[in-house]
Amino acid sequence: MLSDSVERIKQMVIKEFIQIFRDKRMKAIVFVIPLLQTMVFGYAVTMDVNNIPTAVYDLDRTYESRELVRRLTASGYFDILHLPASPDEVRDLLDRSRVTVAVQIDRGFSADLKRRIPTAVQVLVDGTDSNTGIVALDYANRIILKYARDLAPAGASPVRIDLRQRAWYNPELKSKNYNVPGVIAMVIMLTSLLLTSMAVVREREIGTMEQLMVTPLRPMELILGKTIPFAIIAFFDMVLVTVFGVLVFDIPIHGSLVLLPLSTAIYLLSILGIGLMISTVAKTQQQALMSTFLFYMPAVLLSGFMFPLENMPDIFQYLTYLNPLRYFLIIIRSLFLKGSGFGILWPQMAALLVIGIMVITLSAIRFRKRLQ
Amino acid sequence: MKFIRLKAIAKKELLQIIRDPLSLAMGFLMPVLLLFIFGYAISLDVDDLTTIVHDLDRSSLSRELVADLTASRYFKVVRSAGSPREIEEYLDAGRARLGLMIPGDFSRDIRAGRAAQLQVVVDGSDSNTATIALGYIAALSEIYARRISGVPLVPLIEVRPRVWYNPELKSRNFIVPGLIAVIMMVIAALLTSLCIAREWERGTMEQLIATPVTTPELILGKMAPYFLIGFIDMGLSITMATMLFGVPFKGSLFLLGIISAVFLFGGLSFGIIISIVTKSQLVSSQISVVATYLPAFLLSGFMFSISNMARPLQIMTRIVPARYFVAILKGLFLKGSTMRFLIVDATFLLIFAIVTFTVANRKFVKRIG
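Line by line, the protein sequences are chains A and B.
All the letters of the first sequence, read from the start, carry residue numbers 13 to 384 under the working numbering.
All the letters of the second sequence, read from the start, carry residue numbers 4 to 372 under the working numbering.
Set out below in structure tokens:
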């Protein structure tokens, strides 16, 4: 009996693969989409602020003012693109977003410095991009204060604190090391959700579901037959992104290569379950696509993928405990960067397993009901 | 082109949309949900960094430093560690992001006029937060050093910052206007990318082909109801942004209306192209995600500044229409830009709209097989 059942599921899986890949473009899609996502996320999602387009309005034109400008340039943070000649020009550059920062050094700057009279430098910041604005102000502040201290060492504080900083897990603080492992979680989620939900709904939409129901397939076998192929594709994508990340992006893997597929499998329980759930709600592929997105966007935004969870209001932080992506991101990042083992990651894996079993059971029950 | 045929197609499409109230509801729910999340849940400001402190000195000076740390809203001291090993455990488990170790000779060094050491370890996995955290710690120790040595806090050169357009540097004001562009692009793509492929899959395209309707009539007629939905979403988003989140709108609403119409027209035509080319809803959905949502979200500068990206990627953003719309929206909302400043970006959007509509017309072959 069991071998019959296995045989039926096998045939169903084969049918499903034939159906997906009959459209040759799907082969390319399964390959290209994960790689594209890795590239874009690896390179684009960075909050590092460098090469800030800057204008310098130097009314002083002395050795001291030029030295200050030189220090701004040398820091690598400021890219001095324009030397406006009037306040109107400064305003225009900021209005047109040609520069983000404008530094204005007033006449008398060097004279004040020579007489040791406190003087000022104006820093104008385009606050539209608040993150860049804050960071740019901070950099400008530090460079200018350092210059002031170098000019008047006597005024510096007698207490010296020597700050020894070290960044663990990602010593060079590269954002790609943080983002690329996360992409694995994202790719698996988007691809599996869309494929699972749309594949079931399509059968219903084009009327082939009835044909499946007259076969000896039992509901549970149908569910397995509909999910196993997408689990296989998800695994393939996971390996693809991992290899690509290690070879092209030079991402370190410090953790165990056994835990990676194991936790991926647990994570897939929830994702395939949600895909199946969507397929029981949606009647058309349009609905499946919309529902997938309606779930996917909040899930990504409230997962800690791009925006740290600690910064969210408490109520949203509690909400994230229901989000399988949250746990998988912690697991996958710890595996890659921290080399954490089962001893540290088991709470996340347990949570993921509980959510996964609940979701897949619920959707299997709903799915069976809809079949009958 | 006959208006009556165009109207008939638009009416048919509208009926089809209304008969699928679930999709329609989701089309309106999506912008509300996204704005809600971005407005309330997400902030780029880094506060409350979980910190573990290991104070080996236990002097009044070291306690004062810890008190400074606790009082600051940027740090949240979660534990006073008993051993260096504990710092390691907390960082490994992700229970703290920052570990501060005050060595046993901290106060002795300060009193003797030697440089006192402070050891800081930060969880570097999230490089962005880590960089900001290190900046905070450096600033905090600097202020601490100045205070305990009694040096006046006014330095020789004072930095006078002035922030334009968004004086309080609220990340909400920066994110929400750009988000509207992303929402429009996603809606345009999700709604239209299936609308032609669906007719092919269900076989109803043959019926349409048998009618005298011409290609531009068909495409414009199909787009009309989605255009309406897109515009309602736009109005919804702008109302929420200004009323609920208090994002200022300084520009002209009329200008916003016209430019949004152009952008929406381009976005919808783009969705239609995908639908025409793929003829399959499954393939369409996958392609529209990569071709519209990802670039609009990541490469438009709505949240991730284009000037910080790698050079090749910066060049790539030039072909992302959302990029121009994001710039326009930010200008209209925060800077009160007039047409004079927006003309370049608006021209790009117009070119995008014309090109996509032309391509959509060319690609659609009114023939079976």
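The beta-carbon is built from N, C-alpha and C at its ideal position, and this holds for glycine as well.
- Residue range 119 to 126 is occupied by the beta strand (DSSP E) that includes Leu121 of chain B, with no alpha helix (DSSP H) assigned at that position.
- In the DSSP annotation of this structure, Lys238 of chain A is not part of any beta strand (DSSP E); the continuous alpha helix (DSSP H) holding it starts and ends at 231 to 259.
- If you look at Lys79 of chain B, you'll find it in the beta strand (DSSP E) that goes 78 to 83.
- Secondary structure note for Ile64 of chain A: its beta strand (DSSP E) is the uninterrupted segment 64 to 70.
- Following the DSSP letters along the chain, one finds Val113 of chain A in no alpha helix (DSSP H) but inside the beta strand (DSSP E) bounded by residues 113 to 117.
- For Ile21 of chain B, not one C-beta of chain A is nearer than 8 Å to its own C-beta.
- For Gly102 of chain B, the enclosing beta strand (DSSP E) has its first and last residue at 101 to 105.
- Neighbours of Ala96 of chain B in chain A, taken as residues whose beta carbon is under 7 Å from its own, are Ile356 in chain order.
- When only Cα atoms are considered, Arg165 of chain B and Gly267 of chain A end up about 47 Å apart.
- Spatial neighbours of Leu93 of chain A in its own chain (CB-CB distance under 8 Å, excluding positions within 5 residues in sequence) are listed in chain order as Pro65, Thr66, Ala67, Arg110, Val111.
- A buried status is given to Arg175 of chain B, since no fewer than 16 other beta-carbon atoms sit within 10 Å of its beta-carbon.
- Apart from sequence neighbours up to five positions away, the residues of its chain that approach Ile21 of chain A with a beta-carbon distance below 8 Å are Glu233, Leu236, Gly237, Ile240, ordered along the chain.
- For Leu313 of chain A, the neighbours in chain B by C-beta distance under 9 Å run, in chain order, Leu37, Ile40, Phe41, Ala44, Ile45.
- Assigned with DSSP and collapsed to three states, Ala294 of chain A falls in coil, not helix or strand.
- In the structure shown, the three-state DSSP call for Arg370 of chain B is coil.
- For Ala244 of chain B, there is no enclosing beta strand (DSSP E), since its DSSP letter is neither H nor E.
- Close partners of Lys238 of chain A in chain B (Cβ separation under 9 Å) are lacking, with about 14 Å as the shortest Cβ gap.
- Chain A has a Cβ within less than 8 Å of the Cβ of Glu204 of chain B.
- With contact defined as three or more Cβ pairs closer than 8 Å, the segment 250 to 268 of chain A and the segment 334 to 342 of chain A are not in contact.
- Neighbours of Pro241 of chain A across chain B, judged by C-beta separation under 9 Å, do not exist; the nearest C-beta is about 13 Å away.
- Residue pairing by DSSP puts Arg178 of chain A in a beta bridge opposite B:Val124.
- Counted as a single uninterrupted DSSP element, the beta strand (DSSP E) harbouring Val56 of chain B occupies residues 52 to 58.
- Listed along the chain, the chain A residues whose CB falls inside 7 Å of the CB of Ser278 of chain B amount to none; the nearest CB is some 11 Å away.
- Assignment of Phe90 of chain A by DSSP, reduced to helix, strand and coil, places it in the strand class.
- Leu80, Asp91: these are the residues of the segment 78 to 99 of chain A whose beta carbon lies less than 9 Å from some beta carbon of chain B, given in chain order.
- Counting the other Cβ atoms within 10 Å of the Cβ of Gly116 of chain B gives fewer than 16, which makes it exposed.
- When only Cα atoms are considered, Met29 of chain B and Leu239 of chain B end up about 14 Å apart.
- Using beta-carbon distances, Ser303 of chain A counts as an interface residue toward chain B, with a partner under 8 Å.
- With a beta-carbon spacing of about 5 Å, Asn143 of chain A and Leu47 of chain B fall inside the 8 Å limit used to define contacts.
- Sequence-distant Cβ neighbours of Leu143 of chain B in its own chain, meaning closer than 7 Å and more than five residues away, are Asp71, Leu72, Ser75.
- Contact between the segment 81 to 95 of chain A and the segment 38 to 46 of chain A is absent: fewer than three C-beta pairs spanning the two stretches fall below 8 Å.
- Contact between Asp150 of chain A and Gly127 of chain B is absent: CB atoms are separated by about 19 Å, not below the 8 Å threshold.
- Look at Val293 of chain B here: in three-state DSSP terms it is helix.
- If you compare the alpha carbons of A:Asn323, A:Asp104, A:Met198, A:Leu288 with that of Thr132 of chain B, the shortest gap goes to A:Asn323.
- Listed in chain order, the non-local C-beta contacts of Ser62 of chain B below 6 Å within the same chain comprise Ser110, local neighbours out to five positions each way being set aside.
- Here Leu136 of chain A has Ala114 as same chain residues with Cβ atoms under 6 Å from its own Cβ, once five neighbours each way along the sequence are excluded.
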